[in-house]
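*Asks:*
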Amino acid sequence: MDHLGIVRLLRQTDMEIFTGWRNYESLNDGPFLKKLDLLVETLSPFFTPSNTKKLKVIFAGAGTSGRLSFFCSRALNSLSQKHNLKSVTFDYLIAGGDQALIKGIEKSEDDVVSAVQDLVHLLDTDTDHYVYVGITCGLSAPYICAHVDYIMNDEKLQRKVTTVVMGFNEVDAARKKPIEGWDKNLYGVLKLMEKKMLANGAVGLHNYFFLNPICGPEPITGSTRMKSGTATKILLDSIFGVLLSKFTSKVPSIYNRGYISFSDVFMNYEIANRYSYFHEESIAKVMQMVAQSLSHSRHTYYIGDDNLGILGLIDASECPPTFGAKLTDIKGLLFNGWGTMRNKDGDISTKGSFFHITEKDFAPLETEDVLVVLHAEGQPILNKINLLEGIRQGTKQPRIVVIDWKAFRNPPNVNPLLARLQALAHYHFSVELPFFDLHPDFPSYLELSVKWVLNAISTGAHVLIGKVYHNIMIDLQVSNNKLFWRGVSLLATLCSLTEEQARINLLRSIYLTDELKEEIKGLPISRHIEEAAKRVKVIPLAVLLGTNKFKTVLEANQLLAVDPVVSRIINKL
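Residue 1 is where the sequence shown starts when you use UniProt numbering, and the numbers rise one by one after that.
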């Protein structure tokens with residue numbers, strides 16, 4: 001499949017968020033819309049201007065879900081403050097803390113003890129009610145399981161909490177494998193929550209909600225940063241955007257009913273999706289530029305202001321665990337760095353060079369690097385012009401791309417500064433949307449468009465350089481329990497092995513041994529994950545071993561040293 005075909009495939013799969021998949025309940029189905037209406041009805045009293053009870057809304061997740069928890073809570077806090085809703089605050093929890101906002105710390109997802117400590121830290125005596133939204137796209141994160149279990153087992157606390165679990169899988173498909181160091185699993189905890197939800201609902205008490213519309217398979221198997229991440233942001237923004245809009249602003253003219261309904265909001269997201277993918281050829285061209293840079297072991301940088309810059313940081317952070325990329329292959333930068341983020345821990349640049357994220361934190365730029373500048377109408381522009389003019393004066397010229405987002409104007413709005421910015425680029429394109437804002441001061445449609453474009457560029461670039469085989473993440477990092485078993489599963493699928501045979505080959509790759517000792521087989525999975533963290537190309541090596549075409553680990557490793565792209569090797573075997 002070529003670069004344009006990849007964009008078209010992503011466009012097709014993204015539409016399943018709105019159209020649904022097979023006969024499962026989806027985002028736009030009546031029963032699901034009723035769940036959302038009931039949740040809004042339940043929470044509305046806390047959002048009225050006359051309300052004096054303190055409400056804290058907590059979004060929680062691991063990996064992409066945690067980053068979106070931060071991103072959405074940040075935006076909603078800003079919105080509620082603008083409208084003087086002093087009794088409502090939004091907060092976030094991310095497994096691994098703020099470092100995980102831009103650098104994957106997947107192992108923290110398995111730490112149920114730290115998960116409970118994180119939750120307890122946000123509970124205080126001054127808050128009258130909490131809304132807890134635990135996001136686990138595949139219903140597989142122990143981090144969320146621990147939170148829900150803690151709430152359900154504290155009678156006093158559960159009376160003060162509206163608990164929402166958000167995912168994109170059926171409850172019966174929740175992860176059943178044991179959680180190391182704990183006597184519970186996702187399936188058991190969520191089934192108990194489902195039982196409580198049904199029992200309480202029967203007597204008119206609505207304090208538990210499952211929001212799990214089915215969006216269909218991910219375009220890259222297991223990569224929930226894509227469709228599931230998009231659906232997460234759609235739901236968080238829609239639920240609390242609708243709630244805030246009921247009491248804080250005049251209904252925008254884009255909503256014909258005189259009020260904001262979920263069906264209208266979802267339709268507008270779908271329209272934003274279509275307008276974003278109208279630029280399929282431009283997206284494909286930038287994807288090709290990034291792939292070429294990566295194939296020469298060079299770097300791609302995203303840079304932008306405020307929300308666009310943070311979306312670039314998020315997209316870049318997801319590439320190492322998904323594709324086995326280096327931390328510096330695709331890096332996000334943000335004008336004013338941590339001063340713009342507004343995260344809990346503030347400036348954490350002392351944690352290491354990867355946490356240096358300001359507009360000044362480029363590595364020495366080379367001609368094969370790519371710089372993608374993200375701009376939206378209404379954001380600062382002179383800072384971007386000054387940056388690019390400085391780079392243009394250098395001896396080494398990276399490939400500069402400018403992508404800007406603008407709202408429809410009739411007649412079109414001519415901005416000489418934008419033309420000046422575009423003239424500094426080697427390639428540029430504009431994404432025009434009918435609307436940016438879900439409602440005033442809340443540019444959710446714009447942000448989803450940016451996410452779609454960046455996801456397509458980074459995903460497609462890694463596909464083009466061989467990091468994906470068919471639609472399988474063949475170079476994922478074995479960095480937590482879920483990814484260990486995902487690695488076993490993909491080995492079993494690719495190499496036609498039993499689960500046990502696949503596990504053995506994965507362990508042979510992790511421990512670099514031809515004969516696996518019984519004592520290694522019996523070690524806890526956390527120990528295997530620690531060992532895997534010391535290695536690169538764990539899954540590619542395991543795949544080669546699983547083909548039974550190599551007598552020794554050394555022989556397979558030598559071939560990977562010559563050609564590190566395992567998909568090419570498989571095609572030659």
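Note that CB positions come from ideal geometry on N, CA and C, so glycine has one too.
1) Just how far apart, CA to CA, sit K195 and L433?
2) If distances are taken between C-alpha atoms only, which option among A291, V450, A532, N28 comes closest to D369?
3) If you drop the 5 nearest sequence neighbours on each side, which residues of the same chain put their C-beta closer than 6 angstroms to that of L76?
4) Within the continuous beta strand (DSSP E) that includes W405, where are the two ends?
5) Below 8 angstroms on the Cβ atoms is my guess for A284 versus I17; work out the distance and round it to an integer in Å.
6) Using the three-state DSSP reduction, which class does Y92 fall into: helix, strand or coil?
7) Considering only the beta carbon of each residue, do H426 and T248 sit closer than 8 angstroms?
8) Would A141 and L93 qualify as a contact pair, given that the criterion is a beta-carbon distance under 8 angstroms?
9) Determine the closest residue to M473 out of V566, K351, V265, S317, with distance taken between C-alpha atoms.
10) Go through its chain and collect everything with a Cβ distance to L417's Cβ below 6 angstroms, but skip five positions before and after it.
11) So the beta strand (DSSP E) K56 belongs to, where does it begin and stop?
12) From this set, L190, Q158, V165, which residue's C-alpha is nearest V133's C-alpha?
13) First and last residue of the beta strand (DSSP E) that includes I271?
14) For I179 versus V112, is the C-beta spacing smaller than 8 angstroms?
15) Within its chain, find whatever has a CB closer than 6 angstroms to the CB of S228; leave out the 5 residues flanking it on each side and keep chain order.
16) Evaluate contact between the segment 395-403 and the segment 427-446, counting only Cβ atoms and requiring at least three cross-stretch pairs below 8 angstroms.
17) Is the beta carbon of I348 sitting closer than 8 angstroms to the one on G332?
18) Can you name, in chain order, every residue of its own chain whose Cβ lies under 6 angstroms from the Cβ of Y143, other than the five neighbours on each side?
19) Tell me which residues share the same chain as R409 and place their Cβ nearer than 8 angstroms to its Cβ, disregarding the 5 neighbours each side in the sequence.
20) Here's the rule: buried if 16 or more other CB atoms are within 10 angstroms of the residue's CB, otherwise exposed. What is D2?
21) Under 8 angstroms between the Cβ atoms of A272 and L448?
22) Do D118 and L55 come within 8 angstroms of each other at the CB atom, strictly closer than that value?
23) Return the residue from the list E389, F323, I330 that minimises the CA-CA distance to V478.
24) Hey, S509 and L541 are a contact pair by Cβ (cut 8 angstroms); roughly how many whole angstroms apart?
25) Could you give the DSSP three-state label for H3: helix, strand or coil?
26) I think E106 touches R225, with their Cβ atoms under 8 angstroms apart; what is that distance to the nearest whole Å?
27) So which of L424, M289, K177 has the shortest CA-CA distance to T300?
28) Counting along the chain, where does the beta strand (DSSP E) carrying I135 start and finish?
29) Using the C-alpha atoms, what's the distance from F46 back to S52?
30) Please determine if the segment 25-34 and the segment 207-215 are in contact, where contact requires at least 3 C-beta pairs separated by less than 8 angstroms.
31) Taking the CB atoms as reference points, tell me whether L506 and L491 lie closer together than 8 angstroms.
32) I'd like to check one pair, L476 with I529: are the Cβ atoms closer than 8 angstroms?
33) Could you tell me whether the Cβ atoms of I504 and L516 are closer together than 8 angstroms?
34) How big is the Cα-Cα spacing for I102 and L139?
35) Could you name the residues that DSSP lists as bridge partners for F209?
36) On the CB-based measure, 16 or more other CB atoms within 10 Å of its CB, does T498 come out buried or exposed?
*Replies:* In this structure, then:
1) Taking the sequence shown and counting its residues from 1, one reaches residue 195 at position 195. Taking the sequence shown and counting its residues from 1, one reaches residue 433 at position 433. Taking the straight line joining both Cα atoms gives about 43 angstroms.
2) On the sequence shown, residue 369 is found 369 positions in, with the first residue counted as 1. Selection A291, V450, A532, N28 evaluated against D369 yields A291 as nearest (Cα-Cα).
3) Walking along the sequence shown from the start, residue 76 turns up at place 76. These residues qualify, in order along the chain: F90, F240.
4) Position 405 of the sequence shown holds residue 405. Its beta strand (DSSP E) spans residues 399-407.
5) Residue 284 sits at position 284 when you count from the first residue of the sequence shown. Residue 17 sits at position 17 when you count from the first residue of the sequence shown. Their Cβ separation, rounded to whole angstroms, is 21 angstroms, which puts A284 and I17 out of contact at 8 angstroms.
6) Within the sequence shown, residue 92 is the residue found at index 92, counting from 1. Y92: strand per DSSP, three-state reduction.
7) Sequence index remark: in the sequence shown, residue 426 carries index 426 (1-based). Sequence index remark: in the sequence shown, residue 248 carries index 248 (1-based). With contacts defined as CB atoms closer than 8 angstroms, H426 and T248 fail to qualify as a contacting pair.
8) Counted from its first residue, the sequence shown places residue 141 at position 141. Counted from its first residue, the sequence shown places residue 93 at position 93. No.
9) What you label residue 473 is simply residue 473 of the sequence shown in a count that begins at 1. The shortest C-alpha separation from M473 is found at V566.
10) In the sequence shown, counting from the first residue as 1, residue 417 sits at position 417. Within its own chain, the residues whose Cβ lies closer than 6 angstroms to the Cβ of L417, once the five positions on either side in sequence are excluded, are I381, listed in chain order.
11) Here residue 56 corresponds to residue number 56 of the sequence shown, with the count starting at 1. In the DSSP assignment, K56 falls within the unbroken beta strand (DSSP E) covering 55-61.
12) The residue labelled residue 133 in the question sits at position 133 within the sequence shown. Residue V165 is the option with its Cα nearest to V133.
13) Numbered from its first residue, the sequence shown carries residue 271 at position 271. Here I271 belongs to no beta strand (DSSP E); instead the alpha helix (DSSP H) covers 262-277.
14) Locating residue 179 in the sequence shown gives position 179, where the first residue counts as 1. Locating residue 112 in the sequence shown gives position 112, where the first residue counts as 1. Contact flag set, yes.
15) Walking along the sequence shown from the start, residue 228 turns up at place 228. Setting aside the 5 residues that flank it on each side, S228 is surrounded in the same chain by C137, F168, each with a C-beta closer than 6 angstroms to its C-beta; the list follows chain order.
16) The answer is yes - the segment 427-446 touches the segment 395-403, with three or more Cβ pairs under 8 angstroms.
17) Translated into positions along the sequence shown, residue 348 becomes position 348. Translated into positions along the sequence shown, residue 332 becomes position 332. No.
18) Along the sequence shown, one-based indexing puts residue 143 at 143. Answer for Y143: A62, A95, E109, A115, listed in chain order.
19) Your numbering for residue 409 matches position 409 in the sequence shown. Cβ contact annotation for R409 (same chain, cutoff 8 angstroms, sequence separation greater than five): none.
20) Stepping through the sequence shown from its first residue, residue 2 is reached at position 2. Its Cβ having fewer than 16 others within 10 Å, D2 is exposed.
21) Against the sequence shown, residue 272 aligns to sequence position 272. Against the sequence shown, residue 448 aligns to sequence position 448. Taking the C-beta atoms as reference points, L448 is found nearer than 8 angstroms to A272.
22) Taking the sequence shown and counting its residues from 1, the one referred to as residue 55 is at position 55. Taking the sequence shown and counting its residues from 1, the one referred to as residue 118 is at position 118. With contacts defined as CB atoms closer than 8 angstroms, L55 and D118 fail to qualify as a contacting pair.
23) Looking up residue 478 in the sequence shown gives position 478. It is F323.
24) Position 509 of the sequence shown, counted from the start, is the residue given in the question as residue 509. Position 541 of the sequence shown, counted from the start, is the residue given in the question as residue 541. S509 to L541, Cβ: 4 angstroms. Contact.
25) Along the sequence shown, read from residue 1 onward, the residue named residue 3 stands at position 3. If DSSP states are grouped into helix, strand and coil, H3 belongs with the helices.
26) Along the sequence shown, one-based indexing puts residue 106 at 106. Along the sequence shown, one-based indexing puts residue 225 at 225. About 12 angstroms separates the CB atoms of E106 and R225; that is not less than 8 angstroms, and the two are not in contact.
27) Sequence index remark: in the sequence shown, residue 300 carries index 300 (1-based). Residue M289 holds the alpha-carbon nearest to the alpha-carbon of T300 among L424, M289, K177.
28) Mapped onto the sequence shown, residue 135 falls at position 135. Counting along the chain, the beta strand (DSSP E) containing I135 begins and ends at 129-135.
29) Sequence index remark: in the sequence shown, residue 52 carries index 52 (1-based). Sequence index remark: in the sequence shown, residue 46 carries index 46 (1-based). Residue identity check: residue 52 is Thr in the sequence provided, not Ser. Distance between T52 and F46, taken at the CA atoms: about 8 angstroms.
30) Taking 8 angstroms as the limit for Cβ pairs, the verdict is that the segment 207-215 does touch the segment 25-34.
31) For this step, residue 506 is matched to residue 506 along the sequence shown. For this step, residue 491 is matched to residue 491 along the sequence shown. For L506 and L491, yes; Cβs fall inside 8 angstroms.
32) Walking along the sequence shown from the start, residue 529 turns up at place 529. Walking along the sequence shown from the start, residue 476 turns up at place 476. No, these two residues do not count as a Cβ contact at 8 angstroms.
33) Sequence index remark: in the sequence shown, residue 504 carries index 504 (1-based). Sequence index remark: in the sequence shown, residue 516 carries index 516 (1-based). For the pair I504 and L516, the CB atoms are nearer than the 8 angstroms cut-off.
34) Residue numbering aside, residue 102 sits at position 102 when the sequence shown is read from its first letter. Residue numbering aside, residue 139 sits at position 139 when the sequence shown is read from its first letter. The C-alpha of L139 is placed about 23 angstroms away from the C-alpha of I102.
35) Your numbering for residue 209 matches position 209 in the sequence shown. Partner(s): V164.
36) As a working note, residue 498 is residue 498 in the sequence shown. The residue is exposed, with fewer than 16 neighbouring Cβ atoms inside 10 Å.
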